[in-house]
Amino acid sequence: MRKRLIVLMLTGMLTLPAVLTGCGGTDREAQESYRQLGILKLKENDYDAAVESFQKALDESKGKIGDIELDICYYKALAQYKGGDYKDAVETYDSLLTYDDENADAYFLRGCVYLADGQGKKCVSDYNQAVELAPDNYKLYIEIYENLSAFDYEDKGKEYLKLALEQKASKGEEYCGQGYIYLLLEDYENADKMLSKALEKGYDKAMMYQAQLLKAQGDSQKAQEVYEEYISKYPEDIDALNEIGVLEMNAGDYENALEAFEKAAALDTDGENQTLRLNRIYAYEYSGDFQKAYTLMKEYLKDHPKDKEAQREFEFLKTRITDQSQQKSDNQGEASSDQS
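Positions -20 to -1, 1 to 320 (mature numbering (1 follows the signal peptide of the UniProt record, and there is no 0)) are the ones given, in order, by the sequence shown.
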């Protein structure tokens, strides 16, 4: 489940030496047109076309590099990674790190590519470099833990969580990060202390993790009250609702997960949030409602026909629908036999 719910912002090949050298003007209008086309193709899961568009956008830079070019590079890289070009992805980050060898994000993302490619030692080396460059980024530690856990390296992931706790927190967000880490480590006493400090400093998002703590301690009713209090304050926070759903999924509470995903989906009227749509489908699947999951996945594939992982999931859901139909037919046949 964890693999499905975590979306890794991984990138692919970027021939930076060609982009970073030379001089000349940039056709911003053409560049933006190619960029938008690439984003559209990326959403459609047409990764080859996305990469081509992003490369054309980079070509319009005429050798000049700036924030826009880097943004395009990350989009292009994401498309290439999703297309399975791990080797090219590593070359991308090699080039990015040649350009900026203190880029913690690039080390983290290259580490993610190594992890997906089965190169554990190189992955850990890059993760170590990332946290060394960004020691106060608690989200980074947590993402590393979640990624390693998704690939059955949970014990190694916990080492990063413990490393994060060695940092000194002073802001509400930092206390919240430490509180959630204690929660992941099942140290509920310290989790409560850190989350309480986060709330004292006005960081309301800590309420979501406080609810998870209450649930872990067996107080589901109070946890639900805390969730509802947060949502009443921020009723249109789609990202928060999606995150609540993921937290509930990871806790095995699919009913509450579905409630959160449905509220978020009601706000996402255009269905633009691809991650939310998939999480909602998986929640229905794990709750045992394969028919609903099948229907939603069918709708999703109309918008994203080239999403290979979704296609595989759709085929799996087909088998579950068939199995359930067969079982229902068998049960009806048995009932008819008994009556006769």
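Glycine included, every Cβ here is placed at the ideal spot set by N, Cα and C. From a predicted model like this one, the values you see are computed outputs, not experimental measurements.
| Item | Value |
| --- | --- |
| Residue range of the alpha helix (DSSP H) that includes ALA96 | 84 to 96 |
| Nearest residue (CA-CA) to CYS92, options ASP80, GLU82 and TYR107 | TYR107 |
| GLY225 - DSSP class collapsed to helix/strand/coil | helix |
| Local conformation of THR302 per DSSP, three classes | helix |
| Nearest residue (CA-CA) to ILE45, options TYR274, GLY18, TYR183 and ASP80 | ASP80 |
| Through-space distance from CYS103 to TYR189, alpha-carbon basis | 29 Å |
| Contact under 7 Å by Cβ, ALA144 with ILE124 | no |
| Residues near LYS(-18) in its chain [Cβ-Cβ closer than 7 Å; skip 5 each side] | Because LYS(-18) carries a pLDDT of 39, less than 50, the predicted location of this residue cannot be relied on, and the following value inherits that uncertainty. Only ALA130 meet the Cβ criterion. |
| Burial state of ARG90 (16 or more Cβ within 10 Å) | buried |
| Three CB pairs or more closer than 8 Å across the region 174 to 181 and the region 196 to 215 | no |
| Where ILE45 falls: helix, strand or coil (DSSP) | coil |
| Pick from ASN259, LEU20 and PHE296 that is closest to PHE270, judged by C-alpha positions | PHE296 |
| Beta-carbon proximity check, ILE224 vs ALA240, cutoff 7 Å | yes |
| Distance, ALA114 Cα to PHE88 Cα | 10 Å |
| Residue burial classification, GLU40 (beta-carbon count within 10 angstroms, cutoff 16) | buried |
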